[in-house]
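The next block holds one structure in the form of structure tokens; read it before the comments.
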Amino acid sequence: MTFLRTKAGAFALPAAALSLSVFGLAAATSAESSDDDSALPPVQCEIQVEKSGRGYTWTGVLHADATVEGAYELNISSRSGGRTTISQGGSFMVKAGKTETLGQASLGGMDPDSVEAELILHMDGKSYVCGQKADL
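Going by full-length UniProt numbering, the first residue of the sequence shown is number 1, and it counts up by one from there.
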């Protein structure tokens with residue numbers, strides 16, 4: 001079983017709720033509701049990491065099964081060779097069946113293993129944290 005963080009803590013997410021290419025979201029209210037698929041928001045999110053030139057690009061991506069709106073934060077930090085911190089954010093609305101980019105940043109000369117990234121979604125009074133996926 002896969003564990004994902006929310007602002008309220010870590011909860012188990014049924015494997016059926018995950019696809020091979022995205023991280024699902026766990027409910028932020030209670031551990032009991034995390035096993036109830038009806039408590040999950042109608043979205044999947046991920047942070048894609050891709051090689052670009054001499055560095056890497058981190059892209060926050062949201063896939064919506066139903067129309068959703070809210071706010072996001074994309075936070076990227078590294079302590080490799082000094083400290084680098086990038087924070088982006090704003091509002092979003094993604095229509096049902098669509099995929100949208102929520103923030104993007106490139107870092108040159110960074111080993112992606114030394115970088116921490118999270119995409120935080122704020123929807124309907126709850127916060128969800130999406131993890132990093134690397135296909136390098």
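Cβ coordinates follow ideal geometry from the N, Cα and C atoms, glycine included.
Note that the structure is a prediction, hence the values are computed from the model and not measured.
Here DSSP, grouped into helix, strand and coil, assigns SER80 to coil. By the neighbour-count criterion, in which 16 or more other beta carbons inside 10 Å mark a residue as buried, ALA64 falls on the buried side. The alpha-carbon separation between GLU100 and GLY53 amounts to approximately 24 Å. Put simply, of TRP58, GLU50, LEU62, THR57 the residue whose alpha carbon is nearest the alpha carbon of LYS95 is LEU62. Taking a C-beta distance under 9 Å as the contact criterion, GLU73 and GLY89 qualify as a contact pair. In the DSSP assignment, LEU102 forms no beta bridge with any residue.
Contact check between the stretch 39–49 and the stretch 79–88: fewer than three CB pairs, one atom from each, fall below 8 Å, which does not count as touching.
Counted as a single uninterrupted DSSP element, the stretch harbouring LYS95 is not any beta strand (DSSP E), since DSSP gives it neither H nor E. For MET123, DSSP records a beta bridge to LYS126.
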